[in-house]
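For reference, the structure discussed in these notes is given below.
Residue numbers (UniProt numbering): 1 to 181.
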């Protein structure tokens, strides 16, 4: 969903999406940003890369989407470690972050917080069916798929992850997956 949002945003020179995940890896984040900007670092150290990113991002308007942040960051300190300049005089970076933990937003004093509800059963099934490509599936597989989709409790990440992992698999794999939930 966040990638779709990033693709539709206007008013920025570039939109950069980085999945942060549970373990924060500054260098991995730096490398992903550089890849999105299609350039390579001259410096090899974390600090050198941060300086290069800062210089390259300061001249334009960028939207940086930090997806799946698990822990609070010291906003100024951690963004500086990466090399992300905040907006000044209509230049620099705007930040969108996604998290499963509302406390992350509170701790980081986010300007605006948008709470996304879990999906309704019919929406969850539509998302699951689309990602598992069940159009030509056996009715028994579809029965297992519906049970698995319900076990995902409307959580889009769980739905997409399981549906894609089980896509094209035999009935016994679907049954095993459901038993493990």
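The beta-carbon is built from N, C-alpha and C at its ideal position, and this holds for glycine as well.
Cβ neighbours of residue i in the same chain (closer than 6 angstroms, five flanking residues each side left out)
i: residue 191; result: Outside the displayed span of the chain (1 to 181) sits residue 191, for which this structure offers no information.
i: residue 152; result: 158 and 159
i: residue 149; result: 124, 125 and 128
i: residue 181; result: 151
i: residue 116; result: none
Own chain residues within Cβ distance below 8 angstroms of residue i, not counting five before or after
i: residue 53; result: 30, 33, 34, 82, 83 and 84
i: residue 98; result: 2, 65, 66, 67, 68 and 69
i: residue 120; result: 154
i: residue 164; result: 131 and 132
i: residue 174; result: 141, 144, 145, 148 and 166
i: residue 74; result: none
Exposure of residue i, with buried meaning 16 or more beta-carbon neighbours within 10 Å
i: residue 123; result: exposed
i: residue 45; result: exposed
i: residue 42; result: exposed
i: residue 162; result: buried
i: residue 49; result: buried
i: residue 39; result: exposed
i: residue 18; result: buried
i: residue 166; result: buried
i: residue 20; result: buried
i: residue 171; result: exposed
i: residue 86; result: exposed
In DSSP terms, what residue i is bridged to
i: residue 67; result: 19
i: residue 99; result: 69
i: residue 86; result: 93
i: residue 62; result: 14 and 93
Nonlocal neighbours in the same chain, by C-beta distance under 7 angstroms from residue i, ignoring five residues either side
i: residue 142; result: 134
For a minimum of 4 consecutive residues, which ranges assigned as the alpha helix (DSSP H) are wholly contained in the stretch 97 to 165?
102 to 107, 121 to 132 and 139 to 151
Can you confirm whether the stretch 129 to 137 touches the stretch 99 to 111 when touching is taken to mean that 3 or more C-beta pairs between the two stretches lie within less than 8 angstroms?
no
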